[in-house]
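In my numbering, the protein residues as written are 8 to 461.
Shown next as structure tokens:
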């Protein structure tokens with residue numbers, strides 16, 4: 008993901024800047040006054056925006072410049088300050104717009120701005136006349152528990168030590184829960200045995216590991232990692248933590264595991280490609296794996312299941328392996344679809360008002376998905392080669408804290424309960440705070456040290 012620009016008169020978009028070495032993506036751009044350039048956030052790995060660079064890229068062919076390290080969602084204000092967030096706290100630093108550099112020390116000016124330290128999104132804005140509006144709340148990247156939730160939305164605590172976790176996945180027997188947990192600048196995969204109340208790190212590597220996915224027999228867990236200088240390729244390891252991780256793919260593209268075929272011989276994953284012209288795509292891929300524990304396992308060559316101009320993500324095999332559910336933004340927003348895995352056809356759209364993270368029930372003919380923190384369900388029937396889904400409906404009161412590109416809920420194999428990030432972990436954001444004359448307050452708290460450009 009990079010920043011693009013297009014003429015105000017229309018025309019073909021063109022990339023503003025390529026990813027620098029070690030950068031993961033560019034997000035949250037702001038055009039600076041006077042055509043001086045574009046300010047954006049550039050983290051070096053997923054979920055690490057607290058350590059991201061704030062970068063200015065000139066609109067001409069000038070060299071980019073890092074103007075601050077360690078923050079996200081930067082904004083230049085007419086008061087002559089650069090503001091940004093770190094762990095949900097708004098900081099300000101005097102900023103010379105002509106020289107594109109700070110001229111003083113950063114100072115915290117506002118605590119409790121709703122934001123996500125996973126995506127870098129932030130719920131605040133400042134007008135040119137100095138009015139600040141923001142949504143109060145905690146940072147999504149803060150430690151949070153895991154709750155059980157039934158179909159009626161009733162919750163009870165699960166034994167999980169609060170942590171900055173993402174991407175919940177139940178083991179096939181339902182006795183364990185895998186997730187990735189951020190600790191400092193990196194992430195590791197952990198396995199929680201909620202019956203025995205034990206927690207064990209599966210990975211202990213200096214690199215980052217994300218998106219754990221159990222094999223159907225529960226003996227291994229696939230994940231992605233940027234170890235071996237890879238751009239987040241696929242690995243797997245024994246679920247009991249013994250032995251070393253085995254690399255499954257070697258690609259210049261980032262890859263994210265999602266679902267195993269019930270045979271245990273096919274892994275569906277997302278692949279993020281950046282072309283030579285900086286065009287980008289998210290495609291659905293299938294990795295074959297042959298062998299056994301005795302003779303050894305050998306990954307094959309990945310093949311594309313769905314490669315289109317739209318973004319396709321979250322490929323999830325049905326329990327019988329006949330269908331593949333996924334999300335796509337071909338309509339302009341993410342919706343949930345189902346396609347035959349081995350047959351022909353464009354498939355069927357399941358969601359009607361948006362949807363992400365399709366999740367199959369193993370006990371009933373139901374397909375669940377998330378919609379802005381609400382769990383939805385669609386019953387379905389199979390008639391010959393046709394997949395017939397009923398109109399989706401929300402599960403009453405079944406809400407969770409959504410986490411952008413991270414899975415924040417999973418369905419237990421019994422089909423009756425979920426593990427979720429409880430909605431109360433982030434206070435209800437049902438109000439907006441307005442602060443007038445914010446520039447005057449900034450100049451008082453963070454005084455200027457020299458004259459700044461308007």
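The C-beta atom is built at its ideal place from N, Cα and C for all residues, glycine as well. Since we're looking at a predicted model, the values are computed, not measured.
Could you give the C-beta distance for residue 114 and residue 452, rounded to a whole number, given that I count them as a contact under 8 Å?
Rounded to whole angstroms, the Cβ separation of residue 114 and residue 452 is 6 Å, and the two are in contact under 8 Å.
How many angstroms separate the CA atom of residue 291 from the CA atom of residue 126?
Straight through space, the alpha carbons of residue 126 and residue 291 are spaced by roughly 22 Å.
Cut-off 6 Å between Cβ atoms - residues of its own chain near residue 153, not counting five sequence neighbours on either side:
The answer, listed in chain order, is 165, 167, 426.
With residue 450 as the anchor, note down where its beta strand (DSSP E) starts and where it stops.
Looking at the DSSP string, residue 450 is not in any beta strand (DSSP E); the run it does join, the alpha helix (DSSP H), is 445 to 452.
Contact check, residue 233 vs residue 43 under 8 Å by CB: the rounded distance?
Residue 233 to residue 43, Cβ: 33 Å. No contact.
Taking the alpha-carbon of residue 109 as reference, which of 89, 98, 349 has the nearest alpha-carbon?
Taking residue 109 as reference, the option from 89, 98, 349 with the minimal CA-CA separation is 89.
Residue 236: buried (16+ other C-beta within 10 angstroms of its C-beta) or exposed?
For residue 236, the number of other beta carbons within 10 angstroms of its own is below 16, and it is reported as exposed.
Classify residue 180: buried if its beta carbon has 16 or more other beta carbons within 10 angstroms, exposed otherwise.
A residue is called buried once 16 or more other Cβ atoms fall within 10 Å of its Cβ, and residue 180, having fewer, is exposed.
Alpha carbon to alpha carbon, how far is residue 294 from residue 369? Give it in angstroms, no decimals.
In this structure, the straight-line span from the alpha carbon of residue 369 to that of residue 294 is close to 23 Å.
Three-state class that DSSP yields for residue 45 in the structure shown:
Residue state, collapsed to three classes: strand.
Are the Cβ atoms of residue 358 and residue 323 separated by less than 9 Å?
No Cβ-Cβ contact shorter than 9 Å links residue 358 with residue 323.
Three-pair Cβ contact test at 8 Å for the region 270 to 283 versus the region 217 to 230
Under the Cβ criterion (8 Å, minimum of three pairs), the region 270 to 283 counts as touching the region 217 to 230.
Cutoff 6 Å; reference residue 435; Cβ partners in own chain excluding five residues on either side
Residue placement at residue 435 is flagged as unreliable, the pLDDT there being 46, under the threshold of 50; a coordinate-derived value is accordingly withheld.
Whole beta strand (DSSP E) elements within the region 107 to 140, 3-residue minimum:
Listed in chain order, the beta strand (DSSP E) runs fully inside the region 107 to 140 are 114 to 117, 131 to 133, counting runs of at least 3 residues.
C-alpha distance - residue 119 paired with residue 143, whole-angstrom precision
Rounded to whole angstroms, residue 119 to residue 143 spans 6 Å at the Cα level.
Applying the criterion that 16 or more other CB atoms from any shown protein chain within 10 Å of the CB defines a buried residue, is residue 433 buried or exposed?
Any reading at residue 433 must be qualified, since the residue scores a pLDDT of 45, below 50, and its modelled position is unreliable; the value itself is stated next. Taking a 10 Å sphere around the C-beta of residue 433, we find 16 or more other C-beta atoms and assign the residue as buried.
Thinking C-beta only, is residue 175 closer than 9 Å to residue 430?
Residue 175 sits away from residue 430, with the two beta carbons spaced by 9 Å or more.
Report yes if the C-beta distance between residue 250 and residue 178 is below 9 Å; otherwise report no.
Against a cut-off of 9 Å, the Cβ pair of residue 178 and residue 250 comes out as no contact.
From residue 80 to residue 140, what does the alpha carbon distance come to, in whole angstroms?
Using only the alpha carbons, I get a separation of about 15 Å.
Tell me the DSSP bridge mates of residue 394?
The secondary-structure analysis by DSSP pairs residue 394 across a beta bridge with 389.
Does the region 24 to 39 touch the region 58 to 73, meaning 3 or more C-beta pairs lie closer than 8 Å?
The answer is yes - the region 24 to 39 touches the region 58 to 73, with three or more Cβ pairs under 8 Å.
Buried or exposed by the 16-neighbour rule on C-beta atoms within 10 Å, applied to residue 398:
The residue in question, residue 398, is exposed, as its Cβ has fewer than 16 Cβ neighbours within 10 Å.
Tell me residue 165's beta-bridge partners as DSSP assigns them.
DSSP output for residue 165 lists no bridge partner at all.
Helix, strand or coil for residue 40? Go by DSSP, reduced to three states.
It is helical.
Quick check: residue 377 and residue 354, are their CB atoms within less than 9 Å of each other?
Contact flag unset, no.
Cutting at 7 Å between CB atoms, please list the residues of its own chain near residue 87, excluding the five before and the five after it.
These residues qualify, in order along the chain: 101, 102, 455, 459.
Roughly how many angstroms separate the alpha carbons of residue 335 and residue 206, rounded to a whole number?
Rounded to the nearest angstrom, the two C-alpha atoms are 35 Å apart.
One question on the structure: do residue 344 and residue 332 come within less than 9 Å of each other, judged by their Cβ atoms?
Taking 9 Å as the cut-off, the Cβ atoms of residue 344 and residue 332 count as close.
Measuring only the C-alpha atoms, how far is residue 393 from residue 327?
Near 15 Å, if we compare the C-alpha coordinates of residue 327 and residue 393.
For residue 494 and residue 330, what's the separation of their Cα atoms in angstroms?
In this structure the chain extends from 8 to 461, so residue 494 is not present and cannot be described.
Residue of 29, 310, 338, 301 minimising C-alpha distance to residue 317:
The shortest Cα separation from residue 317 among 29, 310, 338, 301 belongs to 338.
Looking at the unbroken beta strand (DSSP E) that takes in residue 10, where does it start and where does it end?
Counting along the chain, residue 10 falls outside any beta strand (DSSP E), and DSSP gives it neither H nor E.
Rounded distance between the beta-carbons of residue 306 and residue 269, thought under 8 Å:
With a Cβ gap of about 18 Å, residue 269 and residue 306 do not count as contacting.
Between 422, 248, 414, which lies nearest to residue 158 when the distance is taken from Cα to Cα?
Of the candidates 422, 248, 414, the residue whose Cα lies closest to the Cα of residue 158 is 422.
For the region 236 to 288, list the alpha helix (DSSP H) runs that are entirely contained and at least 4 residues long, ordered along the chain.
Taken in chain order, the complete alpha helix (DSSP H) segments of 4 or more residues contained in the region 236 to 288 number zero; there are none.
For my contact list, residue 93 and residue 77 are in at a C-beta cut-off of 8 Å; report their separation, rounded to the angstrom.
Their Cβ separation, rounded to whole angstroms, is 6 Å, which keeps residue 93 and residue 77 in contact under 8 Å.
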